[in-house]
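A.B. asks: Structure in structure tokens, see below.
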Amino acid sequence: MAVPSPDLGTLLRVGPFDAALRAAIRARGLSLDRLREHLRARGVTVTTATLSYWQSGRSRPERRDSVRGLRELEAVLELPAGSLVSLLGPPRARRSAPAEIGRFWPDERRIDTAVSDVDTRWDERLTRLSQHDVVLVGPGREELEFRSRQVLRAEADGPDRWVVILHLDEHDRPLPELRGLRGCRAGRSVHRPGDGLLVVELLFARPLLRGETVLTEHTLVNRAPHPVATNYERKFRLPVREYVLEIRFSPEAVPAVCRRFAEPGECTEVVPESGAVHGVALNFGPGRYGFEWDWPAS
2 MAVPSPDLGT LLRVGPFDAA LRAAIRARGL SLDRLREHLR ARGVTVTTAT
52 LSYWQSGRSR PERRDSVRGL RELEAVLELP AGSLVSLLGP PRARRSAPAE
102 IGRFWPDERR IDTAVSDVDT RWDERLTRLS QHDVVLVGPG REELEFRSRQ
152 VLRAEADGPD RWVVILHLDE HDRPLPELRG LRGCRAGRSV HRPGDGLLVV
202 ELLFARPLLR GETVLTEHTL VNRAPHPVAT NYERKFRLPV REYVLEIRFS
252 PEAVPAVCRR FAEPGECTEV VPESGAVHGV ALNFGPGRYG FEWDWPAS
């Protein structure tokens, strides 16, 4: 005989957090997009992807601004004040470097495990001067490839590599292939298709001296069957002087409106022009910067 699911009142008393949040959203009858708009009206910027991660248990609000957003979400969902926040329990202890690298990812513990197999010791000794990402979306609304160009400066003698981390939302898809290397070559890599994770070392031609800069380029090409493109974001654990993000859509698949977001910070609607949108962030980070969009029903 099937066991009945706990009601909302019970879940708000005993949890777990993700199940209580799902039940509260279902009871309120609002989509994640509508919840995001309600929160935005209250001065809180939270993406639909973040709300989805919270209710699925892939991540939970822990930083101060996220917990503040959760308190506003309680009001939007017409819940008693503190009912969801109380289910979070004490903050999880953070380890040093790996956990910090995974700070803005849905499940930082998986990032922690993945990056432990590569060399990240130089990460904090490289200043991000410039980063330019280009995302190509195909005629079937699919993610085709991600192109990245960056300029880094060494703040000490010795940096010889940069670590790339890619996470696919759809874990049933093959991981992308690394191509188009310039100013670097591939080093060790970690492939975790079950987690949708790819981690690759990009090795410079030689170790840098303090004050030297390096320019690298690489492309990650998705394999068929391609994941559906609904968003792209870059996570910055450390600040970047200039970040440029372009999303280029095939003429056969251009959304009516995109939303540019910066967490912490803004969320702005942008209409694609000539089949593309772009955003520029100066002296940004730590945080997340990206675009998300919705496709009309077929």
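Residue numbers for the sequence shown follow our numbering, so the first one is 2 and each next one is one higher.
Idealized CB from N, CA, C, for every residue including glycine.
Being a predicted model, the structure only gives us computed values, none of them experimental.
1) Taking the straight line between their C-alpha atoms, what separation do you get for R193 and I248?
2) Helix, strand or coil: how does DSSP classify G141 here?
3) According to the Cβ coordinates, are R29 and L78 closer than 7 Å?
4) Do you know whose CA, among L283, S67, P140 and P175, lies nearest V241's CA?
5) Can you give the Cα-Cα distance for D158 and L209, rounded to whole angstroms?
6) Between which two residues does the alpha helix (DSSP H) holding L13 run?
7) Checking 7 Å against the spacing of the C-beta atoms, do G280 and F250 come in under that value?
8) Since A50 contacts E293 with CB under 8 Å, what's their CB separation in whole angstroms?
9) Pull up the DSSP beta-bridge partners for S87, would you.
10) Jot down the residue ranges of each uninterrupted beta strand (DSSP E) in the stretch 115-188, minimum 3 residues, whole runs only, in chain order.
11) Going by the beta-carbon positions, is the gap between V201 and V229 smaller than 7 Å?
12) Smallest Cα separation from G139: which of V255, E270 and V272?
13) Excluding the 5 residues preceding and the 5 following P5 in the sequence, name in chain order all residues of the same chain whose CB lies nearer than 8 Å to its CB.
14) Taking 8 Å as the threshold, find out whether the stretch 107-121 comes into contact with the stretch 218-234 through three or more Cβ pairs.
15) Measuring alpha carbon to alpha carbon, tell me which of E144, E156, D161 and W163 ends up nearest P175.
16) Cα separation between D8 and T48?
C.D. replies: Walking through what the data contain:
1) 26 Å
2) coil
3) Their beta carbons are under 7 Å apart, which means R29 touches L78 by this criterion.
4) L283
5) In a straight line, the C-alpha of D158 is about 6 Å away from that of L209.
6) L9 to V15
7) In this structure, F250 does not lie closer than 7 Å to G280 by Cβ.
8) 7 Å
9) Beta-bridge pairing by DSSP links S87 to no other residue.
10) 127-138, 144-155, 162-168 and 178-183
11) no
12) V255
13) In this prediction, P5 has a pLDDT of 44, which is less than 50 and means its spatial position is unreliable; nothing more can be read from the coordinates.
14) no
15) E144
16) Looking at the two C-alpha atoms, the distance is approximately 27 Å.
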